[in-house]
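Numbering (this note's numbering), first residue to last: 122 to 441. For every residue, glycine included, the Cβ atom is placed at its ideal position computed from N, Cα and C.
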Ligand code: NCD
């Protein structure tokens with residue numbers, strides 16, 4: 122991390138999504154994150170890389186792990202971190218967001234991390250402020266740092282991404298995690314399957330290079346990685362699943378269904394988990410689970426992203 126100039130200059134000013142990143146950009150962020158893991162494992166975890174820089178976290182949606190992960194990442198890099206608590210009010214979100222953006226911009230932050238329920242919120246903010254913007258999840262659109270931390274977890278456990286068979290299972294329709302992961306895994310040469318009931322299966326998967334399955338055992342067959350998604354009941358307007366119990370029976374990952382995947386398949390979940398809904402405790406806490414590693418990699422990836430965006434070699438106004 123201290124020898125950051127060894128990494129090539131990241132050619133973007135913001136991180137709004139995985140879409141638009143080249144395989145090289147992604148690999149470079151993962152390499153930087155690998156170095157950041159070592160920092161987090163030292164007893165003294167504070168660097169001076171972002172000393173004097175100001176990071177503002179703007180979370181319009183409830184979040185525990187993502188917000189604390191961004192906060193810790195900033196602090197470990199030596200930045201001054203401020204958490205704006207913006208309770209998600211239901212109306213006039215667009216207007217409120219732009220007003221807030223103007224106010225924050227006047228405080229001259231160097232990096233703004235935003236989570237918002239509207240797709241495109243991060244991109245909109247990026248047009249209105251003078252600093253770097255990181256998308257920490259915008260509606261059902263993208264969640265780039267989650268896909269990066271998932272990729273880092275897989276790469277460290279399996280040694281590679283290319284050629285692996287990854288099954289993404291559950292509420293794909295409402296999932297920004299699934300979207301960002303599909304784009305990233307395709308870019309790095311993995312084979313991606315999606316397993317979901319037809320009501321939670323988005324359209325256009327074929328164009329995304331993804332194979333759809335509606336039966337867990339079929340979709341999991343031969344998989345190297347099983348990525349479970351939370352059933353996002355807060356995003357569901359109608360009834361997408363008949364009952365939680367039935368959902369678990371057909372789509373919940375338990376030891377029996379996991380047997381269809383490779384013996385050494387990784388079990389992943391972005392959190393927060395609904396135990397007994399999309400995943401059984403025996404699997405979530407079992408030997409194949411890398412769910413805690415994902416959390417650890419989350420801090421490292423966010424350090425890598427912020428360090429890459431605020432690279433001192435970048436001239437002001439350059440980049441995307
Ligand atoms: C995910 C999110 O918010 O999109 N969680 C997270 O970032 N930790 C997934 C989810 O909410 O299910």
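Closest by C-alpha distance to residue 222, out of 201, 196, 178, 369, is 178.
Take the alpha-carbon of residue 130 and the one of residue 357: they are about 41 Å apart.
Taking C-beta separations shorter than 8 Å and ignoring five residues to either side along the sequence, the partners of residue 226 in its chain run 249, 250, 251, 252, following chain order. Going by C-alpha positions, residue 235 is about 33 Å away from residue 334. Boundaries of the alpha helix (DSSP H) around residue 423: 412-430.
Non-local C-beta neighbours of residue 163 in its own chain, meaning closer than 6 Å and more than five positions away in sequence, are absent.
One thing to note: residue 340 has its Cβ no nearer than 8 Å to the Cβ of residue 401. Closer than 7 Å to some heavy atom of the ligand NCD: that does not describe the Cβ of residue 199.
Look at residue 228 here: in three-state DSSP terms it is coil, with no helix or strand label.
The ligand NCD approaches residue 392 closely enough that one of its heavy atoms is under 7 Å from the residue's Cβ.
In this structure residue 332 is in contact with residue 314, their Cβ atoms being roughly 5 Å apart against a cut-off of 8 Å. Rounded to whole angstroms, the separation of the alpha carbons of residue 271 and residue 417 is 11 Å. For the 8 Å CB-CB criterion, residue 310 and residue 343 do not form a contact. Contact between the region 142-150 and the region 402-413 is absent, with fewer than three C-beta pairs closer than 8 Å.
The continuous alpha helix (DSSP H) containing residue 369 extends over residues 365-372. Taking residue 198 as the centre and dropping the five residues before and after it, the same chain places the C-beta of 168, 170, 171, 424, 427, 428 closer than 7 Å to its C-beta, in chain order. CA-CA distance, residue 220 to residue 278, rounds to 44 Å. Remark: the C-beta of residue 274 is outside contact range of the ligand NCD, defined as less than 7 Å to any heavy atom. By DSSP's assignment, residue 387 forms a beta bridge with 346.
According to DSSP, residue 178 shares a beta bridge with 204, 234.
Under the DSSP assignment, residue 312 falls outside any alpha helix (DSSP H), being part of the beta strand (DSSP E) whose first and last residues are 312-316. Take the alpha-carbon of residue 176 and the one of residue 255: they are about 10 Å apart.
Closest option to residue 240, judged by alpha-carbon separation, among 275, 300, 328: 300.
Separation of residue 321 and residue 435 (C-alpha to C-alpha, rounded to the nearest whole angstrom) is 42 Å. Annotation: the continuous beta strand (DSSP E) that includes residue 255 extends over 253-259. If you compare the alpha carbons of 195, 158, 201 with that of residue 421, the shortest gap goes to 158. Ranking 138, 150, 137 by CA distance to the CA of residue 432 puts 150 first.
The beta carbon of residue 184 sits closer than 7 Å to the beta carbons of 236 from its chain, once the five residues preceding and following it are set aside; these are given in chain order.
Inter-residue distance for residue 132 and residue 180 is about 26 Å (C-alpha atoms, whole angstroms). Taking a contact as a CB-CB distance under 8 Å, the pair residue 351 and residue 393 counts as one, their CB atoms being some 6 Å apart. Going by DSSP, residue 142 is part of no alpha helix (DSSP H) at all; its letter is neither H nor E. Under the three-state reduction of DSSP, residue 435 is assigned to coil, being neither helix nor strand.
Less than 8 Å separates the beta-carbon of residue 403 from that of residue 376.
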